[in-house]
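Number of protein chains: 2
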Amino acid sequence: MKDGIDMASYAQSWLGLVRVIHQVEAELARVMQSAHGLGLSEYRALAALAKAPDSELRMQDLATHLQLNQSSVSRMVERLERAELSVRDVCPDDKRGVYTVLTQKGRACLAAAEVDYEKTLEAAMKAHGCQAWLSVAMAHAQ
Amino acid sequence: MKDGIDMASYAQSWLGLVRVIHQVEAELARVMQSAHGLGLSEYRALAALAKAPDSELRMQDLATHLQLNQSSVSRMVERLERAELSVRDVCPDDKRGVYTVLTQKGRACLAAAEVDYEKTLEAAMKAHGCQAWLSVAMAHAQ
DNA sequence: CACCCGCTTGCATGGGCATACATATATCAA
DNA sequence: TTGATATATGTATGCCCATGCAAGCGGGTG
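Chains as they are written, first to last, in our numbering: chain A, 37 to 178; chain B, 37 to 178.
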């Protein structure tokens with residue numbers, strides 16, 4: 037951090053960043069919910085599952101990926117199961133573990149939602165002028 | 037958006053950005069709650085009130101500033117009042133309006149919390165390497 | 001009067017914390 | 001080695017809180 041920047045403006049800028057992220061996330065959530073009946077966390081869980089080997093992940097891994105509490109993930113997976121987008125499966129080598137496995141329906145739902153997600157994201161970011169942050173994010177992730 | 041960037045990595049970078057913001061916000065919330073009994077929105081409401089003329093704001097203004105629903109603000113102000121950090125006051129020229137006014141106790145609470153907030157913010161950002169985003173945010177806010 | 005606007009309130013939802021429970025692993029005694 | 005006990009780990013559940021939406025209520029405005 038540069039010396040010339042005082043704390044107050046530091047906090048102020050942070051607030052600005054948080055506000056924009058919040059708006060874009062809210063827009064994403066609104067679209068996902070109304071167009072596909074998916075919460076944002078649910079959509080991201082599906083996306084994570086689709087990318088995982090065998091389309092399955094353990095609760096903990098989902099929790100880490102989604103930055104959610106383990107209990108929240110447990111309930112989110114419950115919702116996914118009610119919608120038949122995933123099924124639970126026991127972990128053969130560790131009977132404490134539970135896999136959440138993407139179903140065909142889940143994969144189809146994801147495929148349908150993905151388009152809207154990405155379109156909405158791009159539009160919202162354009163609307164809020166935050167491509168600049170994104171390029172930093174890309175550099176950050178290498 | 038550049039042509040060479042495909043949608044998937046676009047979304048991926050966004051996810052990275054959201055994750056980091058979320059972690060820092062969570063850390064801030066944890067510290068504010070444990071050290072001062074304040075939720076993040078509550079802290080930010082106090083800060084907004086302190087900066088406002090006469091240390092008072094109407095519900096709508098708070099809602100805009102905090103990016104919260106009006107109903108959420110109504111209840112948040114209720115919490116502030118229970119903690120005696122603010123008081124409601126009717127708007128003399130428009131009796132529909134309600135001012136939330138910072139109390140002495142509220143001002144004191146804010147002063148105490150501000151230090152921790154800024155210290156925590158700086159530390160968390162350093163820990164997650166997101167000064168780069170902040171500088172973009174500053175440029176964004178001029 | 002009819003209509004709008006600002007706030008509040010009922011309700012539903014998603015999330016976190018603490019806890020319960022089952023399984024896994026380590027340690028120790030005989 | 002075997003068995004017993006303590007501890008750690010992975011999930012699920014109870015409870016509470018903050019938030020959003022929609023409806024209600026009351027004051028303003030034409």
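Glycine is no exception: its CB is placed at the ideal position from the N, C-alpha and C atoms.
As the structure is a computational prediction, the values presented were derived from the model and not from experiment.
**Prompt:** What three-state label does DSSP hand B:Arg132 in the structure shown?
**Reply:** Of the three classes helix, strand and coil, the one that applies to B:Arg132 here is coil, per DSSP.
**Asked** Which one of A:Arg55, A:Ala168, A:Leu76 has the shortest CA to CA distance from B:Leu104?
**Response** For the residues A:Arg55, A:Ala168, A:Leu76, the minimum Cα distance to B:Leu104 belongs to A:Arg55.
**Contained beta strand (DSSP E) runs [length at least 3] in the segment 102–174 of chain B, N- to C-terminal order** = Runs found: 122–126, 134–138.
**Item:** Inter-stretch contact (C-beta, 8 Å, three-pair minimum) for the segment 142–156 of chain B and the segment 147–163 of chain A
**Value:** no
**Message:** At the 8 Å Cβ level, is B:Ala47 part of the contact set with chain A, yes or no?
**Reply:** yes
**Message:** Please state the DSSP three-state secondary structure of A:Leu93.
**Reply:** strand
**Message:** Output needed for A:Glu63: all residues of its chain with C-beta closer than 7 Å, excluding positions within five of it in sequence on either side, in chain order.
**Reply:** Its chain contains Thr156, Ala160 as the residues whose beta carbon lies nearer than 7 Å to that of A:Glu63, once the 5 sequence neighbours on both sides are disregarded; these appear in chain order.
**Message:** Could you tell me the alpha carbon to alpha carbon distance between B:Tyr135 and B:Leu53, rounded to whole angstroms?
**Reply:** Straight-line spacing of the CA atoms in B:Tyr135 and B:Leu53 works out to 36 Å.
**Message:** Taking CB distances under 8 Å as the criterion, tell me whether A:Val195 reaches chain B.
**Reply:** Examination of residue 195 of chain A is not possible in this model, given that chain A is present from 37 through 178 alone.
**Message:** If the cut-off is 8 Å on Cβ atoms, which residues from the segment 150–165 of chain A count as contacting chain B, listed in chain order?
**Reply:** Tyr153, Glu154, Leu157, Glu158, Met161, Lys162, Gly165
**Request:** Please confirm whether B:Cys145 and B:Leu82 have their CB atoms less than 8 Å apart.
**Result:** Cβ distance < 8 Å, so B:Cys145 and B:Leu82 count as in contact.
**Asked** Residue range of the alpha helix (DSSP H) that B:Ala83 falls in?
**Response** Start and end: 76–87.
**Asked** With DSSP run on the structure shown, which of helix, strand or coil describes A:Gly73?
**Response** coil
**Asked** Which residues of chain A have a Cβ atom closer than 8 Å to the Cβ of B:Gln58, listed in chain order?
**Response** First, the residue type needs correcting, since residue 58 of chain B is His and not Gln in the sequence shown. Those within 8 Å of B:His58 in chain A are Gln103.
**Item:** Closest by C-alpha distance to B:Arg80, when choosing among B:Trp169, B:Arg143, B:Ala163
**Value:** B:Arg143
**Item:** Outcome for B:Val113 when other beta-carbon atoms lying within 10 angstroms are tallied against a minimum of 16
**Value:** buried
**Prompt:** What's the gap between the Cα of A:Leu170 and the Cα of A:Ala163?
**Reply:** 14 Å
**Message:** Counting only Cβ pairs nearer than 8 Å, list the residues of chain A close to B:Glu61.
**Reply:** Val54
**Prompt:** When burial is assigned at 16 or more other CB atoms within 10 Å of the CB, is B:Ser122 buried or exposed?
**Reply:** buried
**Item:** B:Ser77 versus B:Gln167, B:Gly165, B:Ala149, residue with shortest Cα-Cα distance
**Value:** B:Ala149
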